[in-house]
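Single-structure report; data block below.
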Amino acid sequence: MLSRVANSIYWLNRYIERAENVARFIDANYHMTLDIPESASNQWQPLINTTGDHELFAELHGHATRENAIEFLAFERDNPNSIYSCVRSARENARSIREYISSEMWEQLNTFYLMMNAAASESAMHIPHHFFVDIMTSSHAFIGITDSTMNHGEGWHFGRLGRMLERADKTSRILDVKYYILLPSVDYVGSPYDNILWAALLRSASAFEMYRKRHGRIDPKKIAEFLLLDRNFPRAIHYCLATAMISLNLITGSQRGTYANRAEQSMGRLLSQFEYSSMKEIFDFGLHEYLDDTQTRLNDIGDEIHDIFFSPKMAGAS
Amino acid sequence: MRFDGYDSEGFYDELFTADGVARPGADLLIERINSLPESELQRRQIAAEKALLNLGITFNVYSNEAQTEKIFPFDIVPRIIQAQEWQVLEKGLQQRIRALNAFINDVYNEQKIIKDGIIPAELVFSADGYRKPCIGLKPPHGVWCHITGTDLVRNGDGQFYVLEDNLRCPSGVSYVLENRLIMKRTFPMVFDACSVQPVTDYPSRLLDMLQEMAPSGVRSPVVAVWTPGIYNSAYFEHSFLAQQMGVQLVEGNDLVVHNGEVMMRTTTGLERVDVIYRRIDDDFMDPKVFRADSMLGVPGLMEAYSKGRVALANAPGTGVADDKAVYAYVPEIIRYYLQEDAIINNVPTYACWRPDDCNYVLENLDKLVVKAVNESGGYGMLIGPHASAAEREEFSRRIKSNPRTYIAQPTLALSRVPVLTDDHFEGRHVDLRPYILYGKENIYVLPGGLTRVALKKGSLVVNSSQGGGSKDTWVLNETGEQSPESSFQMQEDI
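Protein chains in written order, with the numbering used here: chain A, 8 to 325; chain B, -3 to 490.
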């Protein structure tokens, strides 16, 4: 397939996944802050930090409040990672490959964008819970429509590759920022707020119910393990990497355990690290350091994918 | 809503012969609309617009920063054309395209028509669309212009006239197909009752035609549609046609000339392209041959083309024949190459480079429509009767300083159609752009084409860039029998 098309479908999926994650962050945080006392409720700055855009935020708004945090994360046009910007970028990418994707995918994304645009003209504070649910549902609908209307060929795999890398990155960021914010509260384990905060973290990753089924009681170490190493939970980093690896292997035609290019080599290395790591080793290494390293390596894999498959300078062009 | 109070105000109306009297073939439609419950028609109009928005059937507006995409306004009352009337138009268009292709081929090769004194050499060579690098090119089967969109208008006398030929990258066919789809969705009963010739097979015919052009020896040709990109005003159409044909949509950056072949950059390396339906102007195609500053083009493309390694539709240089000054000569061009009289007339045209014509134009600016020969999209026009004295003065100055670049035509009483306004019907002026495909042997004319409507009351300008809208165009079947939309009608003559 055309390199440009592969690039667009990859980014289209990344942007949709990003929008969905930001919507979930805001929604979970919003509900959490309604449950806890005011003093403990300044959970908006850490949320901004989770997205990695704290410098831009400080420049635009300074101190984080509920209002400006939601505005920034949901609607800010100057924030390339706001829900608004992500949906718009996803749609621009889709528009540039409209002939390639199914018309059902396009129509879903276009109505998603129109819905987003209509909401963006309203004040952020009047945006009800169902707006964020709509964003998440639209994203899920897009993934479902993609899976059932598009050939599961090269293009589909590039899309899934993008989505899984984005999701792995976002899960690692949630865990990285929140874990350290919440950890001091381990001192008063058993207080009702403690459970609320940890449950909110799990909800930020849509992981609460699945975690309960898997591990039962709320335990920070188990939560970290669930979001990092679980093999079956679709937002766990391990799951994302394993799925991304399958797509990458199918794109290049490599056998599992072998590699045809640097992206595949790096990804295989990162995946096997997750496959053969224990939580004890991760904590010994340092959870933050481990997550930081994972994020750096995910970025590198993204760059390598770009150079190998999408760069217009590739393929011996004269 | 009913047609009871509809007033055609003395104009030729496409649906009514006189106030309240339907034209043959339109009666069924009018009856149906009159029998719809109150506000049902408006409801369907709104549903149709919503569908267009959700489907993202839009065009880009350059000047407007906030909203760069707009839906092309669409009126759900169709325009109807009788079968017999259509047959004449179809023959006339085929004749015209055949002659124009012979002309293009001639001016870039033997130039017989110039040597025989039919058309002045300086007129041809000074045409905006004339391209020196095309001299000596011999496209497969002698066809240069494979895709044409010819603008027709109907005058107050009820006759159709050719307003202009669009031989470069005519757009709008996607709206014809989408309008039809929307009409069938929102108006199934009325559509069902009338017997309308199908348009949906256009993409298959376009693909067949493109594949026929492939360089000899290529077994399963790789076809691509070439777009300047998502910011082009016709991007929707480029993408739509590629999708409907199931071929690649490429941008300049996707293409490269490698070992004399045109290749696409893919995730697994370079892959050859055999046929390119280009929707990008000549000037931007190859920076080595045309504009050196083109960022959209593919260096070396023209060399590959001239060596027959890749086919281009339309060929570069076709614009020489849609110059508004050359237009004035088309009746002679038809006579010269085909020894026939033109079946569809030109609008009488005064060419300002002829001193007598120029004087007449300058003296009658208040009665004429003046057009700059190098402009399109409704720009560079003076509509004399509606213009102010200052505007006429300005055009007078422009014409005197450069007569070659202006033509003038009498103001036509363009025919009208009823359109849905808030709560009643009003007449609006229309034109018609049928689409013509010139293949190896056949010339296919899409039955109907794009009916463009001037949405502003009294306006004669129908271009989308000037706020025009569109309607579905129904060419009725001769027999009056139902034909399924998917039926495949074979071309008989040619």
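Using N, Cα and C, we set each Cβ at its ideal position, and we do this for glycine too. As the structure is a prediction and not an experimental result, all values here were calculated from the model.
Contacts of residue i in chain B (Cβ-Cβ under 8 Å)
| i | result |
| --- | --- |
| F82 (chain A) | Per Cβ cutoff of 8 Å: no residues; F82 (chain A) is ~15 Å from chain B at best. |
| R102 (chain A) | G52, I226, Y231 and S235 |
| L121 (chain A) | L49 and N50 |
Amino acids of chain B, ordered along the chain, whose beta-carbon sits closer than 7 Å to that of residue i
| i | result |
| --- | --- |
| T118 (chain A) | N50 |
| W1 (chain A) | Given that chain A is displayed from residue 8 to residue 325, the structure contains no residue 1 (chain A) and the question cannot be resolved. |
| F316 (chain A) | T263 |
| R105 (chain A) | S235 and Q239 |
Start-to-end residues for the alpha helix (DSSP H) that takes in residue i
| i | result |
| --- | --- |
| L133 (chain B) | First-last for L133 (chain B): undefined, no H or E at that position. |
| H136 (chain A) | H136 to T156 |
| R331 (chain B) | V326 to L334 |
| D102 (chain B) | A79 to V103 |
| W113 (chain A) | S110 to A127 |
| A309 (chain B) | Looking at the DSSP string, A309 (chain B) is not in any alpha helix (DSSP H); the run it does join, the beta strand (DSSP E), is A307 to A309. |
| G265 (chain B) | First-last for G265 (chain B): G265 to R268, but that is the beta strand (DSSP E), not the alpha helix (DSSP H). |
| L237 (chain B) | Y231 to M241 |
| K108 (chain B) | K108 to K111 |
For residue i, the first and last residue of its enclosing beta strand (DSSP E)
| i | result |
| --- | --- |
| Y187 (chain A) | It is not in any beta strand (DSSP E) - Y187 (chain A) instead sits in the alpha helix (DSSP H) that spans E161 to L189. |
| N162 (chain B) | F156 to N162 |
| K367 (chain B) | L364 to A368 |
| G145 (chain B) | I143 to R150 |
| W140 (chain B) | First-last for W140 (chain B): undefined, no H or E at that position. |
| Y431 (chain B) | Y431 to Y434 |
DSSP-derived helix/strand/coil call for residue i
| i | result |
| --- | --- |
| E406 (chain B) | It is Pro, not Glu, that sits at residue 406 (chain B) in the sequence shown. Reduced to three states, the DSSP call for P406 (chain B) is strand. |
| H425 (chain B) | strand |
| M260 (chain B) | strand |
| N342 (chain B) | strand |
| Y171 (chain B) | helix |
| H382 (chain B) | helix |
| N506 (chain B) | It is not possible to answer for residue 506 (chain B), since the shown part of chain B is limited to -3 through 490. |
| T301 (chain A) | helix |
| D3 (chain B) | coil |
| V441 (chain B) | strand |
| P74 (chain B) | strand |
| L416 (chain B) | strand |
| R274 (chain B) | strand |
| W51 (chain A) | helix |
| W349 (chain B) | coil |
| K229 (chain A) | helix |
| H70 (chain A) | coil |
| S466 (chain B) | strand |
| Q193 (chain B) | coil |
| Y377 (chain B) | Strictly speaking, residue 377 (chain B) in this sequence is Met, with Tyr absent from that position. M377 (chain B) falls in the strand class under three-state DSSP. |
| A47 (chain B) | helix |
| F280 (chain B) | helix |
| L245 (chain B) | strand |
Chain-order list of residues whose beta-carbon lies under 6 Å from that of residue i (same chain, five-residue window excluded)
| i | result |
| --- | --- |
| M286 (chain A) | E232 |
| K436 (chain B) | H137 and E208 |
| T301 (chain A) | S179 |
| A95 (chain B) | I329, I330, Y333 and L334 |
| A338 (chain B) | P327 and I330 |
| A311 (chain B) | P135 and W140 |
Closer than 7 Å: residue i CB and nearest the ligand ADP heavy atom
| i | result |
| --- | --- |
| L32 (chain B) | The ligand ADP is not part of the structure shown, which contains no ligands of any sort. |
Contacts around residue i, its chain only, beta-carbon distance under 8 Å, and the 5 residues preceding and following it disregarded
| i | result |
| --- | --- |
| G16 (chain B) | F(-1), D0 and Y2 |
| D124 (chain B) | G315, D319, V369 and N370 |
| P406 (chain B) | V343, P344, K363, L364 and V365 |
| R238 (chain A) | H245, Y246 and A249 |
Under 9 Å from the C-beta of residue i: neighbouring residues of chain A
| i | result |
| --- | --- |
| D250 (chain B) | L9, S10, R11, V12 and P319 |
| V246 (chain B) | L9 and R11 |
Spatial neighbours of residue i in its chain, beta-carbon cut-off 7 Å, leaving aside the 5 residues before and after
| i | result |
| --- | --- |
| L116 (chain A) | A97, R98, A101 and F149 |
| F232 (chain B) | I53, T54, F55 and S170 |
| I114 (chain B) | E328 and Y332 |
| N60 (chain B) | Low confidence applies here, because N60 (chain B) scores a pLDDT of 48, under 50, leaving its location unreliable; read the following figure in that light. Within the same chain, N60 (chain B) has no close Cβ partners at all. |
C-beta neighbour in chain D for residue i, strict 8 Å
| i | result |
| --- | --- |
| M260 (chain B) | Structure shown: chain D not included; protein chains present are A and B. |
Per-residue contacts from residue i into chain B (C-beta, under 9 Å)
| i | result |
| --- | --- |
| E99 (chain A) | I226 |
TODO: Give, in chain order, every residue of the segment 404 to 432 of chain B whose Cβ lies closer than 8 Å to some Cβ of chain A.
DONE: Cβ proximity to chain A below 8 Å picks out nothing from the segment 404 to 432 of chain B.
Task: Contacting positions in the segment 223 to 239 of chain B - beta carbon closer than 7 Å to chain A - done: Listed in sequence order: I226, S235, A238 and Q239.
Task: Residues, ordered as in the chain, of the segment 246 to 278 of chain A that lie near chain B by beta-carbon distance below 8 Å - done: Shown in chain order are the members of the segment 246 to 278 of chain A whose Cβ falls below 8 Å from a Cβ of chain B: I258.
Task: Within 8 Å of chain B by C-beta, residues of the segment 219 to 247 of chain A in sequence order - done: Against chain B - using a Cβ distance shorter than 8 Å - the segment 219 to 247 of chain A contributes no residues.
TODO: With 9 Å as the limit, tell me which residues of the segment 149 to 176 of chain A have their beta carbon closer than that to any beta carbon of chain B; keep them in chain order.
DONE: Here the close residues are E161 and F165.
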